[in-house]
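One structure is given here, and the rest of the page talks about it.
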Amino acid sequence: MSSEYLPGLAGVPATKSNISSIDGEKGILAYRGYDIKELAEKSTFEETVLLLLDGELPSQGVLDDFDSQLRGERRLKYKIRSIMKNLPTSGHPMEMLQTSVASLGMFYGGEEVLSDGICGNDLDYIHSMSVKIISRMATIVAMWEHVRNGYDPIEPRDDLSHAANFLYMLNGKEPEPLATKIMDACLVLHAEHTINASTFAAMVCSSTLASPFLVIAAAIGTLAGPLHGGANQRVVEMLRDIGKPENAKDWLDNQLAKDKVVWGMGHREYKTKDPRATVLQKLMVEWGESQGNLSREFETALILEEACEERLGPKGVYPNVDYYSGILYTEMGIAPDQFTPIFAISRVAGWLAHWREQLSDNRIFRPTQIYTGEGVRGYTDMAQR
Ligand code: COA
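The letter at position 207 of the sequence shown is residue 1356 when you use this note's numbering, and the numbering goes up by one with no holes.
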């Protein structure tokens, strides 16, 4: 067995999976073999979730049934609302989300199935937990927008799709069809991405047979960092800092001279432009045209991308999914600190698919280390230190 240490486990296979695949040279991401570009155009989030969880595109009947289960699980118990109401509004929404999702487990239980050790075969349990978590996470994120501003949250509606209900609860008014279409496509695009950091965290936690609420809470914490899902918020801050398209080149020179990263650029897996960034860029144009203008941030992003291609392209560093998603959400009127929670309400589908896959053939994760510390030595008494 090789004991070579590879920082960041780069290129080290940590599992076998049939959920999604990436061709980093050609810029292709596929869920269960279906190209993400086609799914973003033709599928819905509800259908994509079933594809990820069950492995195949569902029949109309199965999809309708799943859709109505999701609609039926949108409401939150008032005690969870009370927890949310008591959280400081200055905290990051990802901290609120992690806390609230972890607390869901105290209300919905189910650990006994896991500790029986037969959980991997109990598809009803896995399915019902998946529905509860996916449906309620969107509710939690939308509710927080009102709770943190001192208002009562807006009740979910069961006559709207997952994306439309989320926007309705977030903004308090029924979204335009284009806004729903764009949010739905964003949820499809972010739903799964092989064994990234948060998915790996979910798998490690799953392998201990922790409850699915704790598995998802572990993944939420991991997604929060700026090197992972937190980058979309930084992109918008960066573009505002640049100010206008004409400043982009000088800003980049300065940034690279100081050895600093360009947010939303680069990816361990892609050596070309992330296919999700390409779709998001098109959606951004569609949205801008519907509003009658393209934002200054978007124009700055286009010029910065050109400049980066020249400077960072030779290193295989191109826009990733976060480069355009934040600008798009900003244009749709969403607060920057809600971008990563929106990423999470989509990625939860992939996390749960990996939870299910992990349970189907589980062995606890327990890697090894290369010890670089002292040899075993005698205790030093206080007087001798
Ligand atoms: N800005 C500037 N340079 C970058 C860069 C970026 N965003 N991303 C990578 N590079 C450079 C590195 O400095 C390194 O250069 P070197 O070979 O001269 O030292 C080279 O490209 C390889 O990058 P490396 O850091 O080894 O890649 P990684 O696979 O370890 O890291 C990321 C991947 C995503 C963490 C990294 O690209 C990054 O920090 N990006 C910005 C954060 C971000 O957008 N994250 C969201 C990911 S979806």
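All C-beta atoms in this analysis are idealised placements derived from N, C-alpha and C, irrespective of residue type, glycine included.
(request) Compute the Euclidean distance between the alpha carbons of D1486 and D1184, then round it to the nearest angstrom. (result) Counting from one through the sequence shown, the residue named residue 1486 turns up at place 337. Counting from one through the sequence shown, the residue named residue 1184 turns up at place 35. D1486 and D1184: Cα-Cα distance of roughly 30 Å.
(request) Could you tell me whether the stretch 1248-1256 touches the stretch 1280-1297, where touching means 3 or more Cβ pairs closer than 8 Å? (result) yes
(request) Return yes when at least one heavy atom of the ligand COA lies under 7 Å from the C-beta of H1241, else no. (result) Working through the sequence shown from its first residue, we reach residue 1241 at position 92. Not so, every heavy atom of the ligand COA lies at least 7 Å from the Cβ.
(request) Taking the CB atoms as reference points, tell me whether P1207 and E1196 lie closer together than 8 Å. (result) Numbered from 1 along the sequence shown, position 58 holds the residue referred to as residue 1207. Numbered from 1 along the sequence shown, position 47 holds the residue referred to as residue 1196. Yes, these two residues count as a Cβ contact at 8 Å.
(message) Please report the straight-line C-alpha distance between N1396 and I1513, rounded to a whole angstrom.
(response) Here residue 1396 is taken as the residue at index 247 of the sequence shown, counted from 1. Here residue 1513 is taken as the residue at index 364 of the sequence shown, counted from 1. When rounded, the distance between both Cα atoms is 51 Å.
(request) Provide the residue span of the alpha helix (DSSP H) that contains D1486, from first to last. (result) What you label residue 1486 is simply residue 337 of the sequence shown in a count that begins at 1. Taken as a continuous stretch (DSSP letters only), D1486 belongs to no alpha helix (DSSP H), as it is neither H nor E.
(message) Please report the distance separating the alpha-carbon of R1146 from that of V1385.
(response) Since the displayed the chain opens at 1150 and closes at 1534, residue 1146 lies outside it and no answer follows.
(message) So A1291 and L1319 are supposed to be a Cβ contact under 8 Å. How far apart are they, rounded?
(response) Position 142 of the sequence shown, counting from 1, holds the residue named residue 1291. Position 170 of the sequence shown, counting from 1, holds the residue named residue 1319. Rounded, the Cβ-Cβ distance is 4 Å, consistent with contact.
(request) Grab me the residues of K1234's own chain with a C-beta within less than 8 Å of its C-beta, minus the 5 sequence neighbours each way, in chain order. (result) Position 85 of the sequence shown, counted from the first residue, corresponds to residue 1234. Cβ within range, chain order: V1296.
(request) State the start and end residues of the unbroken beta strand (DSSP E) segment that holds A1179. (result) As a first step, residue 1179 is located in the sequence shown; it is residue number 30 there, counting from the start. 1177-1180 is the extent of the beta strand (DSSP E) around A1179.
(request) Could you tell me which residues DSSP pairs with L1308 in its beta bridges? (result) Taking the sequence shown and counting its residues from 1, one reaches residue 1308 at position 159. Correcting the residue identity first, residue 1308 is Asp in this sequence and not Leu. None; D1308 has no bridge partner.
(request) Following the continuous alpha helix (DSSP H) through D1172, name the residue where it begins and the one where it ends. (result) Position 23 of the sequence shown, counted from the first residue, corresponds to residue 1172. Run containing D1172: none in the alpha helix (DSSP H); it sits in the beta strand (DSSP E), 1169-1172.
(request) Pick helix, strand or coil for L1184, following the three-state DSSP scheme. (result) Counting from 1 along the sequence shown, the entry for residue 1184 is found at position 35. Note on identity: in this sequence residue 1184 is Asp, with Leu being the wrong assignment. Here D1184 sits in strand by DSSP.
(message) Run through the DSSP bridge pairs and tell me what P1468 is partnered with.
(response) If you number the sequence shown from 1, residue 1468 lands on position 319. Paired residues: M1414.
(request) Using only the heavy atoms of the ligand COA, determine whether one of them is closer than 7 Å to the beta carbon of G1413. (result) Residue numbering aside, residue 1413 sits at position 264 when the sequence shown is read from its first letter. Checking every heavy atom of the ligand COA against the Cβ of G1413, one is found closer than 7 Å.
(message) So the candidates are M1531, K1398, C1457; which of them puts its Cα closest to the Cα of G1413?
(response) For the purposes of this step, residue 1413 is taken as residue 264 along the sequence shown, with counting starting at 1. Ranking the options by Cα distance to G1413, first place goes to C1457.
(message) Give me the residue from G1258, M1243, T1343 with the minimum Cα distance to E1506.
(response) Counted from its first residue, the sequence shown places residue 1506 at position 357. Among G1258, M1243, T1343, the Cα nearest to that of E1506 is on T1343.
(message) As a quick exercise: from Y1478, I1494, L1155, pick the residue whose alpha carbon is nearest that of I1331.
(response) As a position in the sequence shown, residue 1331 is number 182, starting the count at 1. Nearest C-alpha to I1331: Y1478.
(request) Under 6 Å Cβ to Cβ from E1323, same chain only, skipping five residues before and after it: list those, please. (result) As a first step, residue 1323 must be located in the sequence shown, where it is residue number 174. Only Y1317 meet the Cβ criterion.
(message) Just to confirm the assignment: which complete alpha helix (DSSP H) runs, minimum length 4, are found wholly within the stretch 1317-1384?
(response) 1326-1338, 1346-1356, 1361-1372
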